[in-house]
Amino acid sequence: MIGKDQKTKIETLNDLNTALLKLSPSITGIDSSMFQMPATTLAMMNAVIKADTTVLRDGITRAEILNKLKPALLIQINTRPASAYTYDTHGDKHFPGGSDGSKFTKDKSTVNPKLVAFITPVLGRIRRDAKGKNQSYYLTNAGIPECGGKHLTIQVDFNYANDSIMYHGYPDASVTVYSLSRAKGGTAIPT
1098 MIGKDQKTKI
1108 ETLNDLNTAL
1118 LKLSPSITGI
1128 DSSMFQMPAT
1138 TLAMMNAVIK
1148 ADTTVLRDGI
1158 TRAEILNKLK
1168 PALLIQINTR
1178 PASAYTYDTH
1188 GDKHFPGGSD
1198 GSKFTKDKST
1208 VNPKLVAFIT
1218 PVLGRIRRDA
1228 KGKNQSYYLT
1238 NAGIPECGGK
1248 HLTIQVDFNY
1258 ANDSIMYHGY
1268 PDASVTVYSL
1278 SRAKGGTAIP
1288 T
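Quick note: to get the numbering used here, add 1097 to the position in the sequence shown (first position is 1).
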């Protein structure tokens, strides 16, 4: 965004709120709840504000600003990469050399990038469903060659505050439904 002087670059929510107070009439500010998108993080809002080319002017309303930013914010929710994908070592038992349990036929360095590749396209769904809270999910599908002919279950833990994912997966012969769900084999969360 650009300040009403038509040259000051506004790059953060804090910058925007400072600039809104200088308008006539002044606007007391914007916060994330006003977007009615609980998946929103400050980093997402700052990215949208920085990229927006709207020039602030006297008489602009809070609703105009919110409506201008909402579409780009939804894109951020759906496409922004997670801040981190962290492997949960609980999954070590599913690799060769681990304790008893179903096993992948290859090691973590081969399997885990494939698991992240399955999670990445559904991250927007996870964020929207979690509604600004931490939430756990099961992502099930037909499997990868390293599942040895079994289906695949990936346990995904979403951390809202960090916008991060902790995960582990395992070959799973008991999968009956392919979905992203809060419960294994449960109703799929909306797309």
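Cβ atoms here follow ideal geometry from the backbone N, Cα and C, with glycine treated the same way.
- 8 Å or more divides the Cβ of F1201 from the Cβ of H1187.
- If you draw a 10 Å sphere on the C-beta of T1150, you find fewer than 16 other C-beta atoms in it, and that means exposed.
- Within 10 angstroms of the beta-carbon of K1104 lie fewer than 16 other beta-carbons, which makes it exposed.
- Using a C-beta cut-off of 8 Å, the segment 1164-1181 makes no contact with the segment 1244-1253, since fewer than three inter-stretch Cβ pairs fall below that distance.
- Taking C-beta separations shorter than 8 Å and ignoring five residues to either side along the sequence, the partners of L1118 in its chain run I1124, T1125 and G1126, following chain order.
- For N1231, same chain residues with a beta-carbon under 6 Å away, outside a window of 5 residues either side, are N1256 and Y1257 in chain order.
- Between L1236 and V1253, the gap from beta carbon to beta carbon is short of 8 Å.
- Excluding sequence positions up to five before and after G1229, its CB lies within less than 7 Å of the CB of P1135, A1136 and Y1257, all in the same chain and listed in chain order.
- Residue nearest to G1221 within the set I1262, L1153, I1251 and P1268 is I1262 (criterion: CA-CA distance).
- Relative to the Cα of D1155, the nearest Cα in the group I1216, F1132 and G1100 belongs to G1100.
- Between the alpha carbons of P1242 and K1211 lies a gap of roughly 11 Å.
- Residue environment: D1197 is assigned as exposed (fewer than 16 neighbouring CB atoms within 10 Å of its CB, all protein chains considered).
- Given a length threshold of 3 residues, each whole run of the beta strand (DSSP E) inside the segment 1240-1286 is given here in chain order: 1248-1256 and 1261-1269.
- In the DSSP assignment, N1238 is bridged to L1249.
- The beta-carbon separation of A1239 and Y1275, rounded to 7 Å, stays under the 8 Å limit for a contact.
- Going by DSSP, T1183 is part of the beta strand (DSSP E) stretching over A1181 to Y1184.
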